[in-house]
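K.L.:
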Amino acid sequence: MNAPAPEGCSHLEAADSRTAAVVPSGHGCVECLKAGGVWVHLRLCMTCGHVGCCDNSPGKHATKHFHGSAHPVIRSYEPGEDWGYCYPDELFLEELPARPGEAATRHYDPPHHTRK
Ligand SMILES: [Zn+2]
Ligand SMILES: [Zn+2]
Ligand SMILES: [Zn+2]
1144 MNAPAPEGCS HLEAADSRTA AVVPSGHGCV ECLKAGGVWV HLRLCMTCGH VGCCDNSPGK
1204 HATKHFHGSA HPVIRSYEPG EDWGYCYPDE LFLEELPARP GEAATRHYDP PHHTRK
């Protein structure tokens, strides 16, 4: 039941065929950076470039961004991860290749975590 292909999901199709790259809003979750929150993993909005935290993070800001903005598709903003996800259809796409500038080159930690 978990079809990896974007067939039937116009949101993932649109994200997969986009020609312009989105510009990530920054090296961390927008809301957590403002509020001093912490996150586990980061997600990138494929509509506006909002960087938000994943559902394993206390803030769940990527999901909240979808509910607030209706921007349907995110991709992982973690190094080496290329998957995309459509919120309205609850569909994963295994490979939603990053356009130039979209991929995270490393994992970004919250500012007050111990840095290496
Ligand atoms: Zn969709
Ligand atoms: Zn957050
Ligand atoms: Zn957005």
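Under my numbering, the first residue of the sequence shown is numbered 1144, with each subsequent residue one higher. Glycine is no exception: its CB is placed at the ideal position from the N, C-alpha and C atoms. All values derive from a computational prediction rather than experimental measurement.
Quick check: the Cα distance between VAL1181 and CYS1152, rounded to an integer number of angstroms?
P.N.:
The alpha-carbon atoms of VAL1181 and CYS1152 are separated by roughly 32 Å.
K.L.:
Residue range of the beta strand (DSSP E) that GLY1169 falls in?
P.N.:
It is not in any beta strand (DSSP E) - GLY1169 carries neither H nor E in the DSSP assignment.
K.L.:
Could you check which residue in SER1160, THR1162 and VAL1183 has the C-alpha nearest to that of PRO1254?
P.N.:
Nearest of SER1160, THR1162 and VAL1183 to PRO1254, Cα basis: VAL1183.
K.L.:
Of all the beta strand (DSSP E) runs that stay within the bounds of the region 1145-1215, which reach a length of 3 or more residues?
P.N.:
Whole beta strand (DSSP E) segments, 3+ residues: 1185-1188 and 1194-1196.
K.L.:
THR1162: beta carbon under 7 Å from a heavy atom of ligand 3?
P.N.:
The answer is no for THR1162.
K.L.:
How is the beta strand (DSSP E) around TYR1251 delimited, first residue to last?
P.N.:
Per DSSP, TYR1251 belongs to no beta strand (DSSP E) and is neither H nor E.
K.L.:
Name the DSSP beta bridge partners of TYR1228, please?
P.N.:
Partner(s): ILE1217 and PHE1235.
K.L.:
Given that a residue counts as buried once 16 or more other Cβ atoms are within 10 Å of its Cβ, and exposed if not, what is MET1144?
P.N.:
Since pLDDT at MET1144 reaches only 45, below the 50 mark, its modelled position is unreliable, and the value read off the structure follows with that caveat. So MET1144 counts as exposed.
K.L.:
If you measure from each CB to the nearest heavy atom of ligand 2 and keep those under 7 Å, what residues do you get, in chain order?
P.N.:
Qualifying residues, in the order they occur: CYS1172, GLU1174, CYS1175, GLY1180, TRP1182, GLY1195, CYS1196, SER1200, GLY1202 and HIS1204.
K.L.:
Flag this pair as yes or no: are the beta carbons of ALA1163 and GLY1227 separated by less than 8 Å?
P.N.:
Going by C-beta atoms, ALA1163 is not nearer than 8 Å to GLY1227.
K.L.:
Measure the C-alpha to C-alpha separation of SER1200 and CYS1172 and round it to an integer number of angstroms.
P.N.:
Near 10 Å, if we compare the C-alpha coordinates of CYS1172 and SER1200.
K.L.:
Is it true that the CB of LEU1185 sits closer than 8 Å to the CB of ARG1218?
P.N.:
No, the pair does not count as a contact, with Cβ atoms beyond the cut-off.
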